[in-house]
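Reminder that position 21 of the sequence shown reads as 21 in UniProt numbering, one-by-one numbering, no gaps.
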Amino acid sequence: MTDAILKMENITKSFGDGDTTVQVLKDISFSVKRGEFVAVVGPSGSGKSTLLSIIGALLTPSTGKVTIDEEMISEYKSSRLTSVRLEKIGFIFQSANLIPYLSVRDQLLLVGDIAGGGRNKKSAVEMLEQLGLGSRLKNYPKELSGGEKQRVAIARAFMNDPELILADEPTASLDSDRGKQVVEMIAREVKSRNKAALMVTHDERVLHLCDRVLYIEDGRIMER
Ligand SMILES: Nc1ncnc2c1ncn2[C@@H]1O[C@H](COP(=O)(O)OP(=O)(O)OP(=O)(O)O)[C@@H](O)[C@H]1O
Ligand SMILES: [Mg+2]
Numbered sequence: 001m002t003d004a005i006l007k008m009e010n011i012t013k014s015f016g017d018g019d020t021t022v023q024v025l026k027d028i029s030f031s032v033k034r035g036e037f038v039a040v041v042g043p044s045g046s047g048k049s050t051l052l053s054i055i056g057a058l059l060t061p062s063t064g065k066v067t068i069d070e071e072m073i074s075e076y077k078s079s080r081l082t083s084v085r086l087e088k089i090g091f092i093f094q095s096a097n098l099i100p101y102l103s104v105r106d107q108l109l110l111v112g113d114i115a116g117g118g119r120n121k122k123s124a125v126e127m128l129e130q131l132g133l134g135s136r137l138k139n140y141p142k143e144l145s146g147g148e149k150q151r152v153a154i155a156r157a158f159m160n161d162p163e164l165i166l167a168d169e170p171t172a173s174l175d176s177d178r179g180k181q182v183v184e185m186i187a188r189e190v191k192s193r194n195k196a197a198l199m200v201t202h203d204e205r206v207l208h209l210c211d212r213v214l215y216i217e218d219g220r221i222m223e224r
């Protein structure tokens with residue numbers, strides 16, 4: 001047993017084929033322990049979303065090993081990856097990615113149902129209330145503002161009680177108070193339940209809530 005919930009070893013990722021191959025990630029290695037909240041910063045196009053997608057089992061690396069909670073997912077086929085995603089990972093995307101024909105409350109309950117053993121209806125409503133969405137439970141995505149949608153996506157990411165929370169610019173469409181609240185909520189989840197989180201952000205004002213900052217530039221990563 002190690003206390004690393006995430007281990008990345010010599011990860012590379014290239015896109016394209018033949019002459020037009022671009023190497024987006026170059027020999028990336030790092031670990032994240034339980035109870036750690038890690039920020040990922042770096043310029044646009046440096047590979048941050050690609051890195052998060054690989055960790056979230058949405059993309060496979062070209063080479064290297066990804067281990068989540070003792071499972072080496074870089075060797076897994078797609079059906080097993082789906083169950084790792086459902087059981088262990090909470091993903092907050094750069095765009096909220098809500099399901100258009102489900103109400104706010106049902107967006108959360110669907111995840112709880114699919115993952116099984118996740119959180120129940122009561123905690124779904126509590127989480128939405130904490131995020132200031134108590135009066136929007138029955139609304140549909142098209143009736144919400146960008147920031148409201150993003151907050152629903154954040155609550156949804158907690159529904160399967162994930163070991164690892166991955167957030168790609170979760171505060172991008174929020175004002176600074178809401179943004180801070182959301183990051184504090186991620187930090188609280190990590191600390192109080194001994195989870196881990198990796199968050200891509202451009203927002204310097206929330207970095208003090210993180211334990212470590214990883215800097216990525218031109219596909220290489222360093223501790224800042
Ligand atoms: N599916 C793909 N096919 C080809 N190139 C891709 C693909 N996905 C990403 N890229 C390229 O990889 C590079 C890194 O993209 P990525 O989305 O990881 O950047 P990022 O750091 O998240 O940027 P931003 O801060 O703008 O969100 C970019 O040059 C992008 O064009
Ligand atoms: Mg990105």
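From the three backbone atoms N, C-alpha and C, an ideal C-beta is built for every residue, glycine too.
Residues that residue i bridges to, as DSSP identifies them
i: GLY90; result: ILE165
i: LEU133; result: Per DSSP, none; premise fails for LEU133.
i: GLU217; result: ARG220
i: LYS13; result: LEU25
i: LEU198; result: VAL38, LEU166
i: PHE30; result: MET8
i: LYS65; result: GLU9
Proximity test, residue i beta-carbon vs ligand 2 heavy atom, cut-off 7 Å
i: ASP203; result: no
i: VAL200; result: yes
i: ASP218; result: no
i: SER83; result: no
i: ASP168; result: yes
Any non-hydrogen atom of ligand 4 closer than 7 Å to residue i Cβ
i: PHE15; result: Ligand 4 is not part of the structure shown, which contains ligand 1 and ligand 2 as its ligands.
Candidates the options, of which the one nearest residue i by Cα
i: THR171; options: PHE93, ILE221, SER123, GLN107; result: PHE93
i: ASN97; options: ALA167, LEU133, ILE54; result: ALA167
i: SER46; options: GLU223, ILE216, LYS88, MET222; result: ILE216
i: ASP161; options: ARG119, SER44, LEU81, LEU133; result: ARG119
i: GLY134; options: VAL152, TYR76, THR201; result: VAL152
i: ARG188; options: GLY35, ASP218, SER79, LEU81; result: GLY35
i: LEU128; options: GLU143, GLY146, ASP106, ARG224; result: ASP106
i: THR60; options: LYS191, ASP175, VAL24, VAL182; result: VAL24
i: LEU81; options: VAL183, SER103, VAL104, ILE54; result: ILE54
i: SER176; options: SER79, GLY147, LYS121, GLU9; result: GLY147
i: ARG224; options: GLY16, SER29, VAL41; result: VAL41
i: GLN130; options: SER145, SER79, VAL182; result: VAL182
i: PRO43; options: ASN10, LYS7, GLU169; result: GLU169
i: LYS7; options: HIS208, SER79, SER29; result: SER29
i: THR201; options: ALA155, LEU52, VAL190; result: LEU52
8 Å Cβ shell around residue i - same chain, five flanking residues per side excluded
i: MET72; result: LYS65, VAL66
i: residue 227; result: This structure gives no information on residue 227, because the portion of the chain shown stretches from 1 to 224.
i: VAL84; result: ALA57, ILE68, GLU71, ILE73, TYR76
i: LYS26; result: THR12, ASP218, GLY219, ARG220
i: LYS149; result: ALA96, LEU98, PRO141, SER173
Neighbourhood of residue i by C-beta, 6 Å cutoff - its chain only, sequence neighbours within 5 removed
i: SER62; result: THR12, LYS13, SER14
i: PRO100; result: PRO141
i: THR21; result: SER14
Contact test: residue i Cβ vs ligand 1 heavy atom, cutoff 7 Å
i: GLN94; result: yes
i: SER173; result: no
i: VAL182; result: no
i: LYS33; result: no
Contacts around residue i, its chain only, beta-carbon distance under 7 Å, and the 5 residues preceding and following it disregarded
i: ASP69; result: ILE5, LYS88, GLU163
i: ALA157; result: GLY90, PHE91, ILE92, ILE165
i: GLU204; result: none
i: LEU109; result: LYS121, ALA124
i: GLY179; result: THR171, ASP203, VAL206
Nearest-angstrom beta carbon gap, residue j and residue i [assumed within contact, 8 Å]
i: VAL111; j: MET159; result: 4 Å
i: ALA138; j: SER103; result: The sequence as given places Lys at residue 138; Ala does not occur at that position. Correct: roughly 5 Å between the Cβ atoms.
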